[in-house]
Amino acid sequence: MAIVLVLVLIVVGSVLFHLLSPWWWTPIASNWDYIDNTIIISFWITGIVFAAVVLFMAYCVFRFRHREGNRAAYEPENKRLESWLMIATAAGVTALLVPGLFVWSRFVNVPSDAADIEVIGQQWQWSFRLPGKDGKLGTSDTRIVSAENPLGIIPGDPNGQDDIVVEAADLHLPVGKPVKVLLRSIDVLHDFYIPEFRAKMDMIPGSVTYFWFTPTRTGNFQVLCAELCGQGHPLMHGVVMVDTEQDYLAWLGQQQTFAQLSAPKQTGSANQPSEKTMASSLDVAAKLEKLEAR
Amino acid sequence: MVDVTPADAVPPAEVAEMELYHPHSWWTKYVFSQDAKVIAVQYSATATAIGLVALMLSWLMRLQLGFPGTFDFITPEAYYQFITMHGMIMVIYLLTALFLGGFGNYLIPLMVGARDMVFPYVNMLSYWVYLLAVLVLVSSFFAPGGPTGAGWTLYPPQAITSGTPGGQDWGIILMLSSLILFIIGFTMGGLNYVVTVLQGRTRGMTLMRLPLTVWGIFTATVMALLAFPALFVACVMMLLDRLLGTSFFMPAIVEMGEQLQHNGGSPILFQHLFWFFGHPEVYIVALPAFGIVSDLISTHARKNIFGYRMMVWAIIAIGALSFVVWAHHMYVSGMNPYFGFFFATTTLIIAVPTAIKVYNWVLTLWRGDIHLTIPMLFALAFIVTFVNGGLTGLFLGNVVVDVPLSDTMFVVAHFHMVMGVAPILVIFGAIYHWYPKVTGRMLNETLGRFHFWVTFLGAYLIFFPMHYLGLMGVPRRYAELTDMNIMTESAHHLNSFISIMAFIVGFAQMVFLFNLIWSIRHGREAGGNPWRATTLEWQTPETPPAHGNFGKDLPIVYRWAYDYSVPGAKEDFIPQNVPGTFGPSREPA
Numbered sequence: 002m003a004i005v006l007v008l009v010l011i012v013v014g015s016v017l018f019h020l021l022s023p024w025w026w027t028p029i030a031s032n033w034d035y036i037d038n039t040i041i042i043s044f045w046i047t048g049i050v051f052a053a054v055v056l057f058m059a060y061c062v063f064r065f066r067h068r069e070g071n072r073a074a075y076e077p078e079n080k081r082l083e084s085w086l087m088i089a090t091a092a093g094v095t096a097l098l099v100p101g102l103f104v105w106s107r108f109v110n111v112p113s114d115a116a117d118i119e120v121i122g123q124q125w126q127w128s129f130r131l132p133g134k135d136g137k138l139g140t141s142d143t144r145i146v147s148a149e150n151p152l153g154i155i156p157g158d159p160n161g162q163d164d165i166v167v168e169a170a171d172l173h174l175p176v177g178k179p180v181k182v183l184l185r186s187i188d189v190l191h192d193f194y195i196p197e198f199r200a201k202m203d204m205i206p207g208s209v210t211y212f213w214f215t216p217t218r219t220g221n222f223q224v225l226c227a228e229l230c231g232q233g234h235p236l237m238h239g240v241v242m243v244d245t246e247q248d249y250l251a252w253l254g255q256q257q258t259f260a261q262l263s264a265p266k267q268t269g270s271a272n273q274p275s276e277k278t279m280a281s282s283l284d285v286a287a288k289l290e291k292l293e294a295r
Numbered sequence: 002m003v004d005v006t007p008a009d010a011v012p013p014a015e016v017a018e019m020e021l022y023h024p025h026s027w028w029t030k031y032v033f034s035q036d037a038k039v040i041a042v043q044y045s046a047t048a049t050a051i052g053l054v055a056l057m058l059s060w061l062m063r064l065q066l067g068f069p070g071t072f073d074f075i076t077p078e079a080y081y082q083f084i085t086m087h088g089m090i091m092v093i094y095l096l097t098a099l100f101l102g103g104f105g106n107y108l109i110p111l112m113v114g115a116r117d118m119v120f121p122y123v124n125m126l127s128y129w130v131y132l133l134a135v136l137v138l139v140s141s142f143f144a145p146g147g148p149t150g151a152g153w154t155l156y157p158p159q160a161i162t163s164g165t166p167g168g169q170d171w172g173i174i175l176m177l178s179s180l181i182l183f184i185i186g187f188t189m190g191g192l193n194y195v196v197t198v199l200q201g202r203t204r205g206m207t208l209m210r211l212p213l214t215v216w217g218i219f220t221a222t223v224m225a226l227l228a229f230p231a232l233f234v235a236c237v238m239m240l241l242d243r244l245l246g247t248s249f250f251m252p253a254i255v256e257m258g259e260q261l262q263h264n265g266g267s268p269i270l271f272q273h274l275f276w277f278f279g280h281p282e283v284y285i286v287a288l289p290a291f292g293i294v295s296d297l298i299s300t301h302a303r304k305n306i307f308g309y310r311m312m313v314w315a316i317i318a319i320g321a322l323s324f325v326v327w328a329h330h331m332y333v334s335g336m337n338p339y340f341g342f343f344f345a346t347t348t349l350i351i352a353v354p355t356a357i358k359v360y361n362w363v364l365t366l367w368r369g370d371i372h373l374t375i376p377m378l379f380a381l382a383f384i385v386t387f388v389n390g391g392l393t394g395l396f397l398g399n400v401v402v403d404v405p406l407s408d409t410m411f412v413v414a415h416f417h418m419v420m421g422v423a424p425i426l427v428i429f430g431a432i433y434h435w436y437p438k439v440t441g442r443m444l445n446e447t448l449g450r451f452h453f454w455v456t457f458l459g460a461y462l463i464f465f466p467m468h469y470l471g472l473m474g475v476p477r478r479y480a481e482l483t484d485m486n487i488m489t490e491s492a493h494h495l496n497s498f499i500s501i502m503a504f505i506v507g508f509a510q511m512v513f514l515f516n517l518i519w520s521i522r523h524g525r526e527a528g529g530n531p532w533r534a535t536t537l538e539w540q541t542p543e544t545p546p547a548h549g550n551f552g553k554d555l556p557i558v559y560r561w562a563y564d565y566s567v568p569g570a571k572e573d574f575i576p577q578n579v580p581g582t583f584g585p586s587r588e589p590a
């Protein structure tokens, strides 16, 4: 009989855990509260089904447990009951699927006013590229990636000359403006993931993938890699700062374009891409060594 | 509904009695045996042994997650090797091998009333190739660079590049070779299971009289025969990429500042091939569990399984649908996002036949005569964990909900609950149920109940809270959870709690192993049919069944497998090989 008590406790305990435990999603910072709402619908529907099935089972075990002289009923089928259960299940599934697909259609249809930005993943750091004054990103090719041109921007493409390159540093975004994030990798799979934005997408070497979102509050958000990318995977952190329009423009003014970065170096230049690449890669390598040495 | 009479139920024998190979020596009787029952025990023992390795690996990774920074030897490199080998061993070398090679071999011939598998020699080879696959897998622990740390999904490019443990050493080569061997071995066994079910049934054993255990294993085997070739191809191509420098899955890559000599390959093609195998694989593990648990519930509730025909069709529908849902593992892989509409719809449709199965298990308990034996307890625990894990599948299958949750601990919690904990609880229930037939003795009851309670409650306490870490955004496959802004202090405490539970549950498995070994000699004598069950394996003249299973004459089947508590019958069960009708037979026509 302990099992009956335990089954009831599992239902009660799970519901209480859900309601009272301190572990819940981080406060949202993007327009994807639609997704949060779909999750809430899912919790309600599945929670009710879970409680109903387990409690019914507990009742059956209690009511029909073996006692001397008991005999089970003989009822191979009940077509009416089976049909009703199938219809009810189909209805529940539809109630989950319809809002889900509705929100998905929003997710895949990028609004026309979304600004392109590019995120480039490599073992184990994030770099970013903004389109510059012409609003267009220049074409790129992994095969021309080098220490001088770490993002593989094709020098002959005029669209690329004014692209702003943010290499192995923080990305800033203006609050309230939709962005289409174009994702690229130059080595293995990565996944650009910021828990507060709810959205994420893999980046694949050889392809450009995308998703879109609108940041809805200013702040400092940690970027995580969500696709296993080798032993530095858990250390592949980055930062996205969502700024007010004013702060954003101030930051943007300090950034350098591809043309500036690829110009012949002057003595005393503050920006030396080749060394910087080295430095940031070494940074992760050093962290890894530290971990291994432990 | 027609009354079942021996006259119309027993057709003349269509297939001649098979000639059995009779062993001549100790070697051919116990080692290179062609008897499916011996092969079943060999498969089970090997799977259990390698499963223990996977258990140890899970302890090691939980040490790291629960107590980060405490154990110096768990480097990120080692951590990734642990998770990769744990996952691969559990899914392929333990669950698939145990359900199909273990239970399939033991139960199919006995339950369908055959003397052995149809191709005993190929069946024997199947085991030895499987053993070789396991040995190749284990050898990677001792190879230079250690085993691969690419994650059990082995996604290229990282699986074969130098940033991943074993990527440019032996690890990945041995892993791919071992998988290729496993598939070869499985195919030989799988052909046997399918042909034996279709061709080896005794007289009167129509398809709609098969116990659901056989239906589950049979359908899973058909699926495996169709799904494993995709993995086979993927493994061969990745081996070529790694060894000969081809570019099936490798585009142009700059790795650590160096241009690699690959160009034009598609990493996402591998994912399609992998999951074309990988999703059916979930049901290759689940369907045998579905079948077995149906029989456990029916037998121990002394009641026919509710809605037998619906159960059979649900198994077949799930098997078929599971081939058109694979890309729900790839919603955020960067494939064309419009695929999401299709795959979310097919995925959620699977919930319908799956839910029917759950309802029918629970409705079998309704107005039953429920004996709370250990197999029944495990069956009840299965329903709880399977429903829980199945319902969170509705989150992850619903494409947009998957976006925030994919690659987080929510996924880890979900698939462990639904295809780790739930099927393993069925395996335990099944072992307590059939151990008396295999050995002639019962497993110890006290140890068994201890094993049940710790395993069931412990596993629930491990995986239920874990979902909420994922909801918080904690990614999976993180060897280090340091400097994580989203993780509160209490989330780290929750991880420590989960780890402690994992050690306790692991310990309970040692008690179970002790029980398995101890009871072979010291268990209570079981007799031929201790559970008073209807199916043919309990009607053998000897227990354990001798070579050839059924003595001089094969049994003739007169009824379905679920004649429990038939009105008018003296006993509360009527074995399948007992002729005659008792009152109005309501076997589904």
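Chain order of the listed sequences is A and B. In terms of my numbering, the first sequence opens at residue 2 and continues consecutively. In terms of my numbering, the second sequence opens at residue 2 and continues consecutively. For every residue, glycine included, the Cβ atom is placed at its ideal position computed from N, Cα and C.
Classified as buried, glycine 147 of chain B has 16 or more neighbouring CB atoms from the shown chains inside 10 Å of its CB. DSSP lists no bridge partner for histidine 452 of chain B. Proximity of the stretch 92-111 of chain A to the stretch 127-143 of chain A falls short of the contact definition, fewer than three beta-carbon pairs being nearer than 8 Å. Taking the beta carbon of valine 109 of chain A as reference, the chain B residues within 8 Å of it are Pro338, Tyr339, Gly341, listed in sequence order. Put simply, the backbone Cα of proline 179 of chain A is about 23 Å away from that of alanine 169 of chain A. Using a CB distance cut-off of 9 Å, leucine 174 of chain A does not count as an interface residue toward chain B. When CB distances to chain A are screened at a threshold of 9 Å, the residues of the stretch 137-154 of chain B falling below it are Gly150, Ala151, Gly152, Thr154, in chain order. Out of B/Leu470, B/Thr47, B/Phe229, B/Gly394, the CA that lies nearest to the CA of valine 32 of chain B is found in B/Thr47. When only Cα atoms are considered, isoleucine 285 of chain B and alanine 221 of chain B end up about 4 Å apart. In this model, threonine 440 of chain B and tyrosine 433 of chain B are separated by some 11 Å (Cα to Cα). A direct Cα-to-Cα measurement between glutamine 260 of chain B and glycine 207 of chain A gives close to 13 Å.
Below 8 Å, enough C-beta pairs join the stretch 117-134 of chain B and the stretch 186-196 of chain B to call them touching: three or more. Spatial neighbours of threonine 386 of chain B in its own chain (CB-CB distance under 6 Å, excluding positions within 5 residues in sequence) are listed in chain order as Met418, Val422, Ala423. Valine 255 of chain B is positioned such that its CB atom lies closer than 9 Å to that of valine 146 of chain A. In the DSSP annotation of this structure, leucine 96 of chain B is not part of any beta strand (DSSP E), being labelled neither H nor E.
Here DSSP, grouped into helix, strand and coil, assigns histidine 23 of chain B to coil. Around the beta-carbon of leucine 236 of chain A, 16 or more other beta-carbon atoms lie within 10 Å, marking it buried. Taken atom to atom, the span from the alpha-carbon of asparagine 496 of chain B to that of glycine 105 of chain B is near 37 Å.
Excluding five sequence positions before and after leucine 297 of chain B, the CB atoms of its chain that fall closer than 8 Å to its own CB belong to Pro376, Met377, Phe379, Ala380, Val427, Gly430, Ala431, His434, given in chain order. Using a Cβ-Cβ cut-off of 9 Å, glutamate 538 of chain B does not count as an interface residue toward chain A, since no Cβ of chain A sits closer than that to its own.
Interface flag for tryptophan 367 of chain B against chain A is set, since a Cβ pair is found closer than 9 Å. Shortest Cα-Cα distance from aspartate 117 of chain B to any of B/Asp36, B/Pro556, B/Leu182, B/Ser59 involves B/Asp36.
For serine 295 of chain B, the enclosing alpha helix (DSSP H) covers residues 268-301. Residues of chain B with a Cβ closer than 8 Å to the Cβ of isoleucine 4 of chain A are, in chain order, Leu373, Leu378, Leu381. Neighbours of phenylalanine 396 of chain B in chain A, taken as residues at a C-beta separation under 8 Å, are given in chain order as Ile40, Ser43, Thr47. Annotated as proximal: glycine 471 of chain B and alanine 414 of chain B, with beta-carbon spacing under 9 Å.
If you ignore the 5 residues before and after leucine 177 of chain B, its C-beta comes within less than 7 Å of the C-beta of Cys236, Met239, Leu240, all in its own chain and listed in chain order.
Take tyrosine 332 of chain B, set aside five residues on each side of it, and the residues of its chain with a beta-carbon closer than 6 Å to its own are Gly341, Val400, Asp403, in chain order. Burial check for glutamine 577 of chain B: the Cβ neighbour count within 10 Å reaches 16 or more, so the residue is buried. If one requires a minimum length of 3 residues, the beta strand (DSSP E) runs lying completely within the stretch 131-167 of chain A are 165-167, in chain order. Below the 7 Å Cβ cutoff, chain A contributes no neighbours of serine 59 of chain B, its closest Cβ being approximately 17 Å away. The straight-line gap separating the alpha-carbon atoms of glycine 139 of chain A and tyrosine 211 of chain A is approximately 16 Å. For asparagine 193 of chain B, the closest alpha carbon among the candidates B/Ile40, B/Phe498, B/Tyr80 is that of B/Ile40. With the rule of 3 Cβ pairs closer than 8 Å, the stretch 297-307 of chain B does not count as touching the stretch 341-356 of chain B.
Comparing alpha carbon positions, the residue from B/Thr154, B/Leu175, B/Thr149 closest to leucine 133 of chain B is B/Leu175. Unbroken alpha helix (DSSP H) stretches of 4 residues or longer found wholly inside the stretch 164-232 of chain B: 172-200, given in chain order.
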